[in-house]
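Scroll down for the structure; my scribbles are underneath it.
Number of protein chains: 2
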Amino acid sequence: MVDWKNPPRLFIPGPVHVLPEVLEQLSRYTLGHRGKEYSQLHKETVDMLKQVLFTEQNVFLSTSSASGVWEGSIRNCVDHNETVLCTMCGAFSDKFADVARSCGRNVEELKVDWGQAITPEMIDKKLAEGKYSAVTIVYNETSTGLTNPVYEISEMMKEKYPDVLVFVDAVSGMVGLPLHFDELGWDVVFASVQKAFAIPPGLAVFAVSNRAMAKSKTVTGRGYYFDFQQFAKSAEKNQTPTTPVIPHIMALNYQCAKLLKEGMENVWKRHSQMAEYVRGWAKENFDLFCEEKYASNTLTTIKNTRGIVVGDVIKAIQTKHNTVFGNGYGKLKEQTFRIAHMGDITLADVKELTGWISDELK
Amino acid sequence: MVDWKNPPRLFIPGPVHVLPEVLEQLSRYTLGHRGKEYSQLHKETVDMLKQVLFTEQNVFLSTSSASGVWEGSIRNCVDHNETVLCTMCGAFSDKFADVARSCGRNVEELKVDWGQAITPEMIDKKLAEGKYSAVTIVYNETSTGLTNPVYEISEMMKEKYPDVLVFVDAVSGMVGLPLHFDELGWDVVFASVQKAFAIPPGLAVFAVSNRAMAKSKTVTGRGYYFDFQQFAKSAEKNQTPTTPVIPHIMALNYQCAKLLKEGMENVWKRHSQMAEYVRGWAKENFDLFCEEKYASNTLTTIKNTRGIVVGDVIKAIQTKHNTVFGNGYGKLKEQTFRIAHMGDITLADVKELTGWISDELK
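As they're listed, the protein sequences go chains A and B.
Under this note's numbering, the very last position in the first sequence is 362; numbers go up by exactly one each time.
Under this note's numbering, the very last position in the second sequence is 1362; numbers go up by exactly one each time.
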């Protein structure tokens, strides 16, 4: 029986499982968003996020899913007569291009098959045409479980196209994968908190470079809700332009303190250990959907080489263990399935889940 | 000492005080937003909201503050060559006009002094010019504590300008004041949940008429995050287009059930009783900022006729009772102060607070 008050434990690639002590942070007494208590919470949290993201530039909190910052990055940083190069390798990078078009911008697609990576060479070849002011990239494609080689891409961009802005969707990458914002030379990066931050959905975190802030001043029709200038103005007072989702910011404060205590290198290592385990299990029982060198450390997409009925296995495990993992996304449904291993999910949790799936295969 | 983990009880006009049992709803285990559990929660909640708002048309949940729907109403329902008449009588109705301009639309202002109401006659006179496709109105101006005569305005609009769309900011009105969406003939109405719904901030509720939905199909550059067409498409599956703020939707479900059990007429009456008490106290000790017939039933703005230092009184009551009320908004700071009486605040709470303020006046 479907009962939202007694939901299954989540191993889908977001929203992910949230620990009870994190959930408790959401039920603290709320604050006046123009009062000193909120400013204190905001400053503490943003200061920690700057350490998490290795940046001394601008970090903002958006009361929205990260999809809102797809729109924000385009409306703020791409002028109406400019063209943006959208790299596309899965459902979410594809949608980033749709959003750019829905904002009335000129879009050119750099598209590979789902499961393939976007390489520095591909981007270089397109940018050599000289007509692009910005590039969109997804760090970690949640639909295919693929991590694009963003460090290599960024090296190439900094060397050959230093004036082209870089907008990175790091929704399922941030925290789980290395992210040195300033060093990478990115202009906008964003993520929702229901992925590796391991908080329920409702808040997005984003960083903006100083040069992207300057650019946004020159673009008209930015609107209001995602106007980076409004965010910057409010940030001076440790506030947000509109009333923020305070419960989630409290939980984010708690999680950032935990991350920094652990150390980001250790956090990334923990994710990679879980990923290695799941990849090993996947190769033993099925196969990886992506080439292994691009396989993500926050979720694994497994190729259904045995032709199991994925939906049935999910249902069986939900019935027996009140736990769900992810079917393939969109057109990859049943052809693949997905196991999340990010946030506060542990290696022990993942071993338990893969054990249950193995039991169903017998 | 400022400590966000031990904040004062809120009598500011939003965020308002939230009951512990409502806060607890936020810390339930979260859901997969594409799973059956979420759809069940979504459908239950939207069905109740339709009763709360007296509508059989479209009700949507936006993971944003209501400010996002300022932008959404404009981007979806005002075409690029059309002109919108923005009625302005305080900080928030003024901002609605700014937002319309920031979306690149033509705006004409109908402006009165803060504390004055917008009347049907004023709107009639402007609309007679024949050049407007839409009108923006704030139901209840949170900055001045004024309720516009929206039922009379709507009667006039339906009779004389049935083709002009009506967008209503009901941020501090919804739930606390009568709102029969279909009968009023409005096209968009919206509110944040941190006002009379008495939930922490992070979620907006909005209703859209069928004709506004049809109109939005014809407008280009709507973007993605607030695209009404995306909301409608997802609503067919009892979902939202982007990952929603699930903890708040759980709390909204809880609050809607409570409201409907009480009955909306009784809810409105309860608000009017608190308001009458506060107005009585205000007239005895100070004066009302607005003409009494326009004074709001969800908050009272009091004219500081005695020249007290409002900030000092707020500080004193915070120190003694860990409770805060609102100073005047913006340019009305110190000239006025504001007491919220909406949501789960009770008459006993309000009597206690006004008693404490009276003590400070001695």
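Don't be surprised by glycine CBs; every beta carbon is placed ideally from N, CA and C.
Predicted model, so just to flag it, every value in this text is computed and none were measured.
Problem set entry | CA-to-CA distance, residue 1316 (chain B) to residue 1250 (chain B), given in whole angstroms | 36 Å
For this session: Taking residue 1290 (chain B) as the reference, give the member of B:1046, B:1106, B:1041, B:1140 with the closest Cα.
Result: B:1140
Exercise. From the beta carbon of residue 1036 (chain B), is the nearest beta carbon of chain A less than 9 Å away?
Worked result: yes
Exercise. Considering only residues of the region 1067-1103 of chain B, which uninterrupted beta strand (DSSP E) runs meet the minimum length of 3 residues and lie entirely inside it, listed in chain order?
Worked result: 1083-1088
For this session: Can you grab the Cα-Cα spacing for the pair residue 1002 (chain B) / residue 37 (chain A), in whole Å?
Result: 6 Å
For this session: Note down, in chain order, each residue of its chain lying with its Cβ closer than 8 Å to the Cβ of residue 1306 (chain B), except the 5 sequence neighbours on either side.
Result: 1285, 1286, 1361
Exercise. Taking the DSSP output, what are the residues bridged to residue 207 (chain A)?
Worked result: Looking at the DSSP output, residue 207 (chain A) sits in a beta bridge with A:59, A:189.
Exercise. Any beta-carbon of chain A closer than 9 Å to the one on residue 1098 (chain B)?
Worked result: yes
For this session: List the DSSP bridge partners of residue 1166 (chain B).
Result: B:1135
Exercise. CA-CA distance, residue 1105 (chain B) and residue 1074 (chain B)?
Worked result: Approximately 8 Å between the Cα atoms of the pair.
For this session: Would you grab the beta carbon distance between residue 1041 (chain B) and residue 1205 (chain B) for me? Rounded to a whole angstrom, and I think it's under 8 Å.
Result: Actually they are not in contact, since the Cβ atoms of residue 1041 (chain B) and residue 1205 (chain B) sit about 14 Å apart, beyond 8 Å.
Exercise. How would you label residue 142 (chain A), buried or exposed, when you count the other beta carbons within 10 angstroms and need 16 or more for buried?
Worked result: Label assigned to residue 142 (chain A): buried.
Exercise. For residue 1230 (chain B), is the classification buried or exposed, using 16 other Cβ atoms within 10 angstroms of its Cβ as the cut-off for buried?
Worked result: Residue environment analysis places residue 1230 (chain B) among the buried positions, since at least 16 neighbouring C-beta atoms fall within 10 angstroms of its C-beta.
Problem set entry | Best match in A:336, A:276, A:200 for proximity to residue 23 (chain A) [C-alpha to C-alpha] | A:200
Exercise. Within 9 Å (strictly less), CB to CB, does residue 1389 (chain B) reach chain A?
Worked result: Given that chain B is displayed from residue 1001 to residue 1362, the structure contains no residue 1389 (chain B) and the question cannot be resolved.
Exercise. Any idea if residue 309 (chain A) is buried or exposed, counting beta-carbon neighbours within 10 angstroms, 16 or more meaning buried?
Worked result: exposed
For this session: Can you pull the chain E residues whose beta carbon is under 8 Å from the beta carbon of residue 71 (chain A), in chain order?
Result: This model lacks chain E altogether, as its protein chains are A and B.
For this session: Output, in sequence order along the chain, the residues in the region 194-211 of chain A whose CB is closer than 8 Å to any CB in chain B.
Result: 194, 200, 201, 202, 203
Exercise. Are residue 33 (chain A) and residue 240 (chain A) touching if we call contact CB-CB under 9 Å?
Worked result: yes
For this session: Pull up the distance between the alpha-carbon of residue 1089 (chain B) and that of residue 1278 (chain B), whole angstroms please.
Result: Residue 1089 (chain B) and residue 1278 (chain B) have their alpha carbons spaced roughly 22 Å apart.
For this session: Spell out the partners DSSP gives residue 177 (chain A) in its beta bridges.
Result: A:174
Problem set entry | Limits of the beta strand (DSSP E) - the one that residue 1327 (chain B) falls within | 1323-1327
Exercise. At least one CB of chain A closer than 9 Å to the CB of residue 1177 (chain B): is that the case?
Worked result: no
For this session: State yes or no: is the beta carbon of residue 324 (chain A) nearer than 9 Å to at least one beta carbon in chain B?
Result: Yes - at least one Cβ of chain B is within 9 Å of the one on residue 324 (chain A).
Problem set entry | Rounded separation between residue 1182 (chain B) and residue 1167 (chain B) - CA only | 13 Å
Exercise. So which residues of chain B does residue 40 (chain A) contact, with C-beta pairs closer than 8 Å?
Worked result: Going along chain B in sequence order, the residues near residue 40 (chain A) (Cβ under 8 Å) are 1002, 1003, 1004.
Exercise. Any idea what DSSP makes of residue 237 (chain A), helix, strand or coil?
Worked result: coil
Exercise. If we cut at 9 Å on Cβ distances, does residue 75 (chain A) have a partner in chain B?
Worked result: yes
Exercise. Using a beta-carbon distance below 9 Å, is residue 1143 (chain B) in contact with chain A?
Worked result: No, residue 1143 (chain B) does not count as interfacial toward chain A.
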